[in-house]
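J.:
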Amino acid sequence: MTAQEVRLCGLLLQEHFGDVVENVGTHLIRNGVLTLRALAHETKLALDLVKKSLCVLVQHGMCTFGPGRRGPAGPVEYHINCEHILHMLRYPRYIYTAKSLYGDTGELIVEEILQRGQMTMSSTVKTVADRLTHNMPEGQSMDYNEVVSAFSRLVETHFLQRCPPMASAESSGTGSAETPPAVTQPSNPESHPDCYKLPYISLSGHGKRRRSSEDGEADQRAAKKAKTDSSECGDEGIHWQVNFERFHLHFRDQAIISAVSCKLDQTSGEIVRTMLRMSEVTTSANAAFTQALSANEIFRALPSNYNIARPILDQYLTLLVDDPMEFVGKAGDSGGGMFVVNLHRALANLARATLESVVQERFGSRSARIFRLLLRKRHLEQKQVEDFAMIPAKEAKEMLYTLLSENLVQLQEIPKTPDHAPSRTFYLYTVNQLPTARLLLQHCYKTVGNLIERRLYETKENKRLLEKSQRIEAILASLQATGAEATQLTEVEEMITAPERQQLESLRHHINKLDSSENQVDETIFLLESYINSTQASR
Amino acid sequence: MTEVKVKKESTDPVDIENRIKELCQQFPHGITDQVIQNDMPHVEAQQRATAINRLLSVGQLDLLRNSSGLLYRLKDTQSASKVKGSDNQEKLVYQIIEDAGNKGIWSRDIRYKSNLPLTEINKILKNLESKKLIKAVKSVAASKKKVYMLYNLQPDRSVTGGAWYSDQDFESEFVEALNQQCFKFLQSKAETARDSKQSPMVQRNSSFATSHEVWKYICELGISKVDLSMEDIETILNTLIFDGKVEMTIIAAKEGTVGSVDGQMKLYRGVNPIIQPTGLVKTPCGLCPVFDDCHEGGEISPSNCVYMAEWLDF
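Sequences listed follow chains A and B, in order. Each residue of the first sequence is one higher than the one before, counting from -17 in this note's numbering. Each residue of the second sequence is one higher than the one before, counting from 64 in this note's numbering.
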């Protein structure tokens, strides 16, 4: 775990779960695996608090526990999963994708499960139905069946999966009371055969509308009754979690399709989309190529509003194969031609375009020319760089040295004589794509950390103002509920002066901007991470 | 007796010289001593030698060596008149420079070839330059190095750098202008191909342009005062490839079709970038020059970052 990743994880934990969990989480990240007692000792917190924090982390799948170094008889050790914590940055993107694919119902389901970490199907359905009913006009309510169908669609396309089961063993006598009596191997959720099987639940009814605060007490009683009802639905113990891998595959497909559409045209993008859709569930996550699809199959699977003639489709496929970017490759000639999408190569191209775009924006288009030149030609001498790039010698030298100082370009020495005399050595400039991608990824982590810190700082600076505005809103709401007159309302509203209002407005604007830019940097993070993972998988 | 001898000698040397010159004109490749002897058998070797030496010193005869002996060749009258009045060393240096042709020769090389000391060389070079017989041309490869060549010769491309250099300065505006023009040409070609709405294969093929077509277009545009060859245009198109705006394919072409080199033709096509500017560069941190110095609690930190403050108010 690099320093920047640790810092970012700490910030994310603090924002979503609070200081205590952040404390526990950061110590776990820094020290690797720890037992409960060691953890309590390091963080100097009460054992109770440590236990609760660990519960939160385990619930969200960010922490796993298992038998420690001393074997099953010894204390349990806790191991944190940094990548899961960094996925928290991407939650808005997951929710947005669910919304675009499955509508509001899908969006709310994914949001609820992300918030709670793991949930049973019945509780999800009930909560989502209640929320949807609340937003609907009076008199209508959301039927459970609709929510159930949306849920099952999410499971069918593998966006949701069952949590891996915990086999519980008897707690041996030596184990102290506070260690949870569970022994489990860190199992891959997909290894469970029923991973995507929907349980049979007997659940029917409608969403309940949440009444206003007057009926608060009645509502609480009803909520308590609802909790005791859930045990009758028939799916206790089957918890569902979000399948992050599947969302990542979806994002990767989207990136490839948009790149193809930009480079070639819309129709080619649609063809690639069809190919990727057909191989969604048949291709494993780290495959270098999708399964081979014949042109006949692609033709049949094209969306009906794109009536392209068969020869035209063949031409498009040939063009895709001939393109220098090599998104699509030909794997055989049976069935009218077998075609695959080159996933790893597409990711490498996207990562390379990201690197080039960073160099271009940061250092100018001439430095970007030199960078692309070095990416293509691998190793070049100073003189050759000037000649190929057609940039005057002095400027080319300056740009090369700037890139070198930023570590985007490396220098390779090839001596002509055994004593490495500088006058008799070749100095070649080169760019290595993978290490540069890793470097940029760390920069991205640091940037997101900076953005979050700035947001917290802005909020802290204007805390007084925010509190005041919240108080005034509360007063307004209560006045409206009790039916006050218009003059009283305007009096209360005027308690916020105009410049304060402006300040509030600008603060809101700043925070929105920082939020959206976090999401944009996260897109870069996703591309670079996928590329780095793809190179590791192929090794 | 001596009078007669003197009289005879006073006319004879001139006659001998003239005769030798005529012989040289007869044999432009050069005459050997043997030839002169055959022609004027009555002349003694001593007189012959004097005559030849006189002609050499005046500069009307060239002394060359070949496998069978020494050759004498008549020198150009023009160049002969030029070096009249110079002494031997200067003539030697001048000869060396002349031999270097239009590539020019460096002063150190002149020293090696003539075995003259450096100070002498410098004096001679200054002399010759003032007489406007030679000139110094700055080499584009090493800017401090000066090569010398004859005054009226055009320097070779390798010294001046070819079409992109004028007076030792790399003409970057010229290159940029050519860059833009080529790109516009290819882009408009791609757009017309896309708008033609034919089958995709035809579209793609019509959006390609061969390097020959681009060369013709640039020549007709007339923005270049220097003649550009097809290789020059190809180097410009290569820079467009490195800008990521153009891609190239090579196809096999019949020998003899216009623009084909060794049975291949290079085709160029304008392309769009495959991604938008990436998310990292949309934040101030992505472009920050002091990114590495920034950390919480330091002089430069996210909380007091001026770049962020400006960006947020934008």
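Note that CB positions come from ideal geometry on N, CA and C, so glycine has one too.
Only counting runs of 3 or more residues, tell me where the beta strand (DSSP E) segments fall wholly within the stretch 318 to 372 of chain B, in order along the chain.
T.: With a minimum length of 3 residues, the continuous beta strand (DSSP E) runs that stay inside the stretch 318 to 372 of chain B are 327 to 333.
J.: Of all the CB atoms in chain A, is at least one closer than 8 Å to the CB of B:E153?
T.: It does not: the Cβ of B:E153 has no partner Cβ on chain A nearer than 8 Å.
J.: Per DSSP, what are the beta-bridge partners of A:F271 in this structure?
T.: According to DSSP, A:F271 bridges with A:N324.
J.: According to DSSP, what are the bridge partners of A:H407?
T.: According to the sequence displayed, residue 407 of chain A carries Thr and not His. For A:T407, which the question treats as bridged, DSSP gives the partners A:P397.
J.: Could you check what DSSP says for A:K209 in three-state terms: helix, strand or coil?
T.: Confidence at A:K209 is low in this model, with a pLDDT of 46, below 50, so the placement of that residue is unreliable and no value is reported for it.
J.: Using a Cβ-Cβ cutoff of less than 7 Å, which residues in the same chain neighbour A:M101 once the five nearest sequence positions on both sides are dropped?
T.: Answer for A:M101: E94, I95, H221, W222, listed in chain order.
J.: Would you mind giving the Cβ-Cβ distance between A:V323 and A:T249, rounded to the nearest angstrom? I have them listed as a contact below 8 Å.
T.: That belief does not hold up - the Cβ atoms of A:V323 and A:T249 are roughly 16 Å apart, past 8 Å.
J.: Spatial neighbours of A:A328 within its chain, please: C-beta separation below 6 Å, excluding the five flanking residues on both sides.
T.: Correct list, in chain order: I238, F309.
J.: Using a threshold of 8 Å, state whether the C-beta atoms of A:L355 and B:F305 are closer than that.
T.: Yes, they are a contact pair.
J.: For a test of the three-state rule: what should DSSP assign to B:I168, helix, strand or coil?
T.: Residue state, collapsed to three classes: strand.
J.: Would you say A:K220 reaches chain B, if we count a Cβ-Cβ gap shorter than 8 Å as a contact?
T.: Looking at the sequence itself, residue 220 of chain A is Ile, so the reference to Lys does not match. So, not an interface residue.
J.: For A:P285, which residues in the same chain have their Cβ closer than 8 Å to its Cβ, ignoring the five residues on either side in sequence?
T.: The residues are E252, T256.
J.: Verify the CB distance criterion: does A:S286 have a CB-CB separation below 8 Å to chain B?
T.: Output row for A:S286: interface = no.
J.: Can you pull the chain B neighbours of A:N331, defined as C-beta to C-beta under 8 Å?
T.: Result: I337.
J.: Taking only the alpha-carbon atoms, compute the straight-line gap between A:L231 and B:Y370 and give it to the nearest angstrom.
T.: Between A:L231 and B:Y370, the C-alpha separation is close to 36 Å.
J.: From what residue to what residue does the alpha helix (DSSP H) around A:C37 run?
T.: Element bounds for A:C37: 29 to 41.
J.: Beta carbon of A:L(-5), beta carbon of A:G14: below 8 Å?
T.: Cβ atoms of A:L(-5) and A:G14: not closer than 8 Å.
J.: Under 9 Å Cβ-Cβ, which residues of chain A neighbour B:F237?
T.: Within chain A, no residue comes near B:F237; the closest Cβ sits about 10 Å away, beyond 9 Å.
J.: Just grab the DSSP bridge partners of A:L83 for me.
T.: Looking at the DSSP assignment, A:L83 forms no beta bridge with any residue, so it has no partner.
J.: In chain B, what lies closer than 9 Å to A:H425 by C-beta?
T.: By Cβ distance, chain B contributes L343, C348, G349, F354.
J.: Among the residues of its own chain, which have a CB less than 7 Å from the CB of B:Y214, if the five just before and after it don't count?
T.: Only K195, L196, I197, K198 meet the Cβ criterion.
J.: Any Cβ of chain A within less than 8 Å of the Cβ of B:D258?
T.: It does not; no Cβ of chain A falls within 8 Å.
J.: Just tell me which of B:E80, B:R117, B:S366 has its CA closest to the CA of B:Q100.
T.: For B:Q100, the nearest C-alpha among the options comes from B:E80.
J.: Take B:K247 as the anchor and find which of B:K308, B:M293, B:E283, B:G285 has the nearest alpha-carbon.
T.: Checking every option, the nearest Cα to that of B:K247 belongs to B:K308.
J.: For chain A, is any of its Cβ atoms less than 8 Å away from the one on B:Y271?
T.: Sequence check: residue 271 of chain B is Phe here, not Tyr. Judged by the 8 Å Cβ criterion, B:F271 is not in contact with chain A.
J.: In terms of residues, what are the limits of the alpha helix (DSSP H) holding B:L191?
T.: Start and end: 181 to 193.
J.: Counting only C-beta atoms, is A:P417 closer than 8 Å to chain B at any point?
T.: A:P417 does not count as touching chain B.
J.: Which two residues bound the contiguous alpha helix (DSSP H) that contains A:M307?
T.: Taken as a continuous stretch (DSSP letters only), A:M307 belongs to no alpha helix (DSSP H), as it is neither H nor E.
J.: Could you name the residues of the same chain whose beta carbon sits closer than 8 Å to that of A:G317, not counting the 5 residues immediately before and after it, in chain order?
T.: Answer for A:G317: S276, A277, N278, E279, listed in chain order.
J.: According to the Cβ coordinates, are B:M328 and B:T273 closer than 8 Å?
T.: Yes, these two residues count as a Cβ contact at 8 Å.
J.: Report the residues of the stretch 77 to 89 of chain B with a CB closer than 9 Å to any CB of chain A, ordered along the chain.
T.: Listed by position along the chain: nothing, the set is empty.
J.: In this structure, does DSSP put B:P104 in helix, strand or coil?
T.: B:P104: coil per DSSP, three-state reduction.
J.: Determine the contact status of A:Y409 and A:E395, defining contact as a CB-CB distance below 8 Å.
T.: Cβ distance < 8 Å, so A:Y409 and A:E395 count as in contact.
J.: When the Cβ atoms of the stretch 357 to 368 of chain B are set against those of the stretch 356 to 366 of chain A, are three or more pairs found closer than 8 Å?
T.: No contact exists between the stretch 357 to 368 of chain B and the stretch 356 to 366 of chain A.
J.: Of all the options A:A335, A:A55, A:I67, A:N225, which has the alpha carbon lying nearest to the alpha carbon of A:A80?
T.: Here the closest residue by C-alpha is A:N225.
J.: In whole angstroms, what is the alpha-carbon distance linking A:S516 and B:K208?
T.: Roughly 52 Å between the two C-alpha positions.
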